[in-house]
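Student: Below: one structure in structure tokens.
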């Protein structure tokens, strides 16, 4: 079954932060969500959280229950305030002995784990897995139902998504910087309580707290995209509590933000070339029928036209300009199943002056509904990323200096993705994390899955993470799209299922 690709956020959103990564601890404490840095009083204050009883209720989707988990707002000061985290589950269906709870996270950061569970994972994960696991999701702090970060109103967000991210002169550059500053100030104004406490380390502690409350001795987990960094962070913090973890579409935690953004820019170029190779074989390809390189030049030229003169898009308040069109194309690169939609959208825009198809793709990426209301994914994305890593660039001059490298990585998308690395430069909270290797010594065997032409998490990241983890095993899918599990490969699904059900990893380096 094909489904919407799990969300991966970074520079790809064009106006959304640089990537993740976070700080490390020894992970040796026996108390849920505690580190050796906590004094005895703080560790004692955590116990009521670990012994709370969840009150489950029906929540509108047949077969699923919902509850609320209380967690410390600040784990360093657990008696200083709480945060409410939304949780959902679908009990194991049987037959077979129940293994435990399988927590899932679709990535982002900022993707709703509950939406992913109720719309996909709890219904379409392979039946043998759903039979023996309670399928469980917690929206990470600051995301969706868990005290969401808010930054801009809907009209202001419309303006923000249309900001020119390929400035041609000082005036346009000043407008872009002003947009980043307005976004950051809006987050501080609307979300001051949670903004300092939405790091990946804190989200991993929340996962361990949920594990304890559910009564599981070990964490069982499937994380996609950014969810792989969340899972790897958990293994680093709590190697002795790490059970079977699937890290699909892996991040590389050892890289600083600029390199992550640069690698991902190259990843989108790789994905676009695959899309273009397919497109030029079609008789109706709007990018020509000569070569992928020629298709890229045609698309770049079209983006330049839109930069000068946006076109109608079936919306009373918005037209399709360069920024929205670029986001629409990028959105389609996550799943080859969306390639026909991108091809049709480009044809309508380039040939009929109708930008509605690309605008629809862009809106889906930004989680903008038909009523003009936005979800909080872009707000949460920036909030997590800007805490997890120092900014890719501190000044516009830094970003401008790096543009040749980004253009080289992707002649089509490089300039816009390069400027996107400036977002966190104006963030109101200082980064608490830093790039570092994650080895998770003492953890159970961990399964890392990589896709060779993944646009958002380049395959070399999966190779790197599997090599860093002391017990990592790499499973490779030779194909297109973002992530691999549950996306149509029987070879991948069989290997992952065997690991989740029997704890047996495939041979390291196995390819499908």
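In the working numbering, the protein residues as written are 14 to 525.
From the three backbone atoms N, C-alpha and C, an ideal C-beta is built for every residue, glycine too.
Small disclaimer: the values here were computed from a predicted structure and weren't measured.
Roughly how many angstroms separate the alpha carbons of residue 250 and residue 453, rounded to a whole number?
Tutor: By one-based count along the chain shown, residue 250 stands at place 237. By one-based count along the chain shown, residue 453 stands at place 440. Spanning the two alpha carbons is a distance of roughly 8 Å.
Student: Mind reading off the beta-carbon distance from residue 102 to residue 145? Whole number of angstroms is fine, and I expect it under 8 Å.
Tutor: Translated into the one-based positions of the chain shown, residue 102 becomes position 89. Translated into the one-based positions of the chain shown, residue 145 becomes position 132. Residue 102 to residue 145, Cβ: 14 Å. No contact.
Student: Report the residue ranges of all alpha helix (DSSP H) runs contained in full by the segment 392 to 416; include only those spanning at least 4 residues, in chain order.
Tutor: Those alpha helix (DSSP H) runs which fall completely within the segment 392 to 416 and span 4+ residues do not exist here.
Student: To the nearest whole angstrom, what separates the beta carbons of residue 167 and residue 386, a pair I think is in contact under 8 Å?
Tutor: What you label residue 167 is simply residue 154 of the chain shown in a count that begins at 1. What you label residue 386 is simply residue 373 of the chain shown in a count that begins at 1. About 5 Å separates the two Cβ atoms, so the contact holds.
Student: Report the CB separation of residue 475 from residue 252 in whole angstroms; it is logged as a contact under 8 Å.
Tutor: On the chain shown, position 462 is the one that residue 475 refers to. On the chain shown, position 239 is the one that residue 252 refers to. At roughly 20 Å, the Cβ-Cβ gap does not stay under 8 Å, so residue 475 and residue 252 are not in contact.
Student: Tell me, please, which residues DSSP counts as bridged to residue 147.
Tutor: The sequence position of residue 147 within the chain shown is 134, counting from 1. BP columns for residue 147 point to 114.
Student: Counting only runs that start and end within the segment 327 to 355, where is the beta strand (DSSP E) found for 3 or more residues in a row?
Tutor: With a minimum length of 3 residues, no continuous beta strand (DSSP E) run stays inside the segment 327 to 355.
Student: At a Cβ threshold of 8 Å, is residue 328 touching chain C?
Tutor: The structure shown has no chain C; it contains just one protein chain.
Student: Using the C-alpha atoms, what's the distance from residue 225 back to residue 514?
Tutor: Position 501 of the chain shown, counted from the start, is the residue given in the question as residue 514. Position 212 of the chain shown, counted from the start, is the residue given in the question as residue 225. Using only the alpha carbons, I get a separation of about 21 Å.
Student: Suppose the cutoff is 8 Å on Cβ atoms and the five residues either side in sequence are ignored; what does the same chain contact list for residue 471 look like?
Tutor: For this step, residue 471 is matched to residue 458 along the chain shown. Result list for residue 471: 276, 277, 279, 280, 283, in chain order.
Student: Within the same chain, show all residues whose beta-carbon is closer than 7 Å to that of residue 209, passing over the 5 residues directly before and after it, in chain order.
Tutor: On the chain shown, position 196 is the one that residue 209 refers to. 442, listed in sequence order.
Student: So what does DSSP say about residue 216, is it helix, strand or coil?
Tutor: The sequence position of residue 216 within the chain shown is 203, counting from 1. Three-state result, residue 216: helix.
Student: Just to confirm the assignment, what range does the beta strand (DSSP E) spanning residue 497 have?
Tutor: By 1-based counting over the chain shown, the position of residue 497 is 484. Looking at the DSSP string, residue 497 is not in any beta strand (DSSP E), and its letter there is neither H nor E.
Student: Kindly list the residues whose CB is nearer than 8 Å to the CB of residue 159, restricted to its own chain and excluding five residues on each side of it in sequence; keep chain order.
Tutor: Taking the chain shown and counting its residues from 1, the one referred to as residue 159 is at position 146. Closer than 8 Å at the Cβ level, and outside the excluded window around residue 159, lie 96, 97, 98, 99, 151, 152, 153.
Student: To the nearest angstrom, how far is it from the Cα of residue 448 to the Cα of residue 398?
Tutor: Residue 448 sits at position 435 when you count from the first residue of the chain shown. Residue 398 sits at position 385 when you count from the first residue of the chain shown. So the alpha carbons of these two residues sit roughly 12 Å apart.
Student: I need the straight-line Cα distance from residue 69 to residue 78, nearest angstrom please.
Tutor: What you label residue 69 is simply residue 56 of the chain shown in a count that begins at 1. What you label residue 78 is simply residue 65 of the chain shown in a count that begins at 1. Cα to Cα, the separation comes out at about 6 Å.
Student: Near residue 47, what residues of its chain come up, given a Cβ to Cβ distance below 7 Å and the 5 sequence neighbours on each side ignored?
Tutor: Residue 47 sits at position 34 when you count from the first residue of the chain shown. With a pLDDT of only 36 at residue 47, under 50, the local geometry of the prediction cannot be trusted, and no value is derived from it.
Student: Does the Cβ-Cβ distance between residue 490 and residue 502 come in under 8 Å?
Tutor: Position 477 of the chain shown, counted from the start, is the residue given in the question as residue 490. Position 489 of the chain shown, counted from the start, is the residue given in the question as residue 502. Yes.
Student: In three-state terms, what does DSSP make of residue 200?
Tutor: As a position in the chain shown, residue 200 is number 187, starting the count at 1. The answer is helix: DSSP assigns residue 200 an H, G or I state.
Student: For residue 409 and residue 203, I'd like the C-alpha separation in whole angstroms.
Tutor: If you number the chain shown from 1, residue 409 lands on position 396. If you number the chain shown from 1, residue 203 lands on position 190. Those two C-alpha atoms are separated by around 26 Å.
Student: Are residue 287 and residue 493 close, meaning C-beta to C-beta below 8 Å?
Tutor: Here residue 287 is taken as the residue at index 274 of the chain shown, counted from 1. Here residue 493 is taken as the residue at index 480 of the chain shown, counted from 1. Yes.
Student: I need the DSSP call for residue 492, collapsed to helix, strand or coil.
Tutor: Numbered from 1 along the chain shown, position 479 holds the residue referred to as residue 492. Three-state DSSP puts residue 492 in a strand.
Student: With C-beta atoms as the reference, is residue 155 less than 8 Å away from residue 207?
Tutor: Position 142 of the chain shown holds residue 155. Position 194 of the chain shown holds residue 207. A contact, by the Cβ cut-off of 8 Å.
Student: Assuming residue 433 contacts residue 178 under a Cβ cut-off of 8 Å, what Cβ separation, rounded to an integer in Å, is found between them?
Tutor: Here residue 433 corresponds to residue number 420 of the chain shown, with the count starting at 1. Here residue 178 corresponds to residue number 165 of the chain shown, with the count starting at 1. Yes, residue 433 and residue 178 are in contact; Cβ-Cβ is about 6 Å, under 8 Å.
Student: Give the C-beta separation of residue 521 and residue 478 to the nearest angstrom, bearing in mind that I take them to be a contact with Cβ-Cβ under 8 Å.
Tutor: Here residue 521 corresponds to residue number 508 of the chain shown, with the count starting at 1. Here residue 478 corresponds to residue number 465 of the chain shown, with the count starting at 1. 13 Å between Cβ atoms; not a contact.
Student: Determine the burial state of residue 187: buried for a count of at least 16 other Cβ atoms within 10 Å of its Cβ, exposed for fewer.
Tutor: Here the question's residue 187 lines up with position 174 in the chain shown. Residue 187 should be labelled exposed.
Student: Say whether the segment 322 to 337 touches the segment 352 to 370, bearing in mind that this needs 3 or more beta-carbon pairs closer than 8 Å, one atom from each stretch.
Tutor: Contact holds: three or more Cβ-Cβ distances are below 8 Å.
Student: Going residue by residue through the segment 245 to 325, where are the continuous alpha helix (DSSP H) segments of at least 4 residues, counting only ones entirely within it?
Tutor: Complete alpha helix (DSSP H) runs here, min 4: 270 to 292, 305 to 321.
Student: For the alpha helix (DSSP H) holding residue 78, just list the boundary residues, first then last.
Tutor: By 1-based counting over the chain shown, the position of residue 78 is 65. From DSSP, residue 78 is part of no alpha helix (DSSP H) but of the beta strand (DSSP E) over 78 to 85.
Student: Can you say whether residue 507 is buried or exposed, counting buried as having 16 or more other CB atoms within 10 angstroms of its CB?
Tutor: The sequence position of residue 507 within the chain shown is 494, counting from 1. Residue 507 should be labelled exposed.
Student: With burial defined as no fewer than 16 other Cβ atoms inside 10 Å of the residue's Cβ, what is the status of residue 137: buried or exposed?
Tutor: As a first step, residue 137 is located in the chain shown; it is residue number 124 there, counting from the start. So residue 137 ends up on the exposed side.
Student: Of the choices 105, 320, 316, 294, whose alpha-carbon is the least far from that of residue 424?
Tutor: For the purposes of this step, residue 424 is taken as the residue at position 411 of the chain shown. That would be 316, whose Cα lies nearest to the Cα of residue 424.
Student: Note down the Cα distance separating residue 334 from residue 359, rounded to an integer number of angstroms.
Tutor: Position 321 of the chain shown, counting from 1, holds the residue named residue 334. Position 346 of the chain shown, counting from 1, holds the residue named residue 359. Each residue's alpha carbon lies about 13 Å from the other.
Student: Within the same chain, show all residues whose beta-carbon is closer than 7 Å to that of residue 516, passing over the 5 residues directly before and after it, in chain order.
Tutor: Position 503 of the chain shown holds residue 516. Within the same chain, residue 516 has close Cβ partners 257.
Student: In or out: residue 446 buried (at least 16 other Cβ within 10 Å) or exposed?
Tutor: The residue you call residue 446 lines up with position 433 of the chain shown. Buried, because 16 or more other Cβ atoms sit within 10 Å of the Cβ of residue 446.
Student: Determine the direct distance from the alpha carbon of residue 495 to that of residue 524, and round the result to whole angstroms.
Tutor: Here the question's residue 524 lines up with position 511 in the chain shown. Here the question's residue 495 lines up with position 482 in the chain shown. Cα-Cα distance, rounded: 16 Å.
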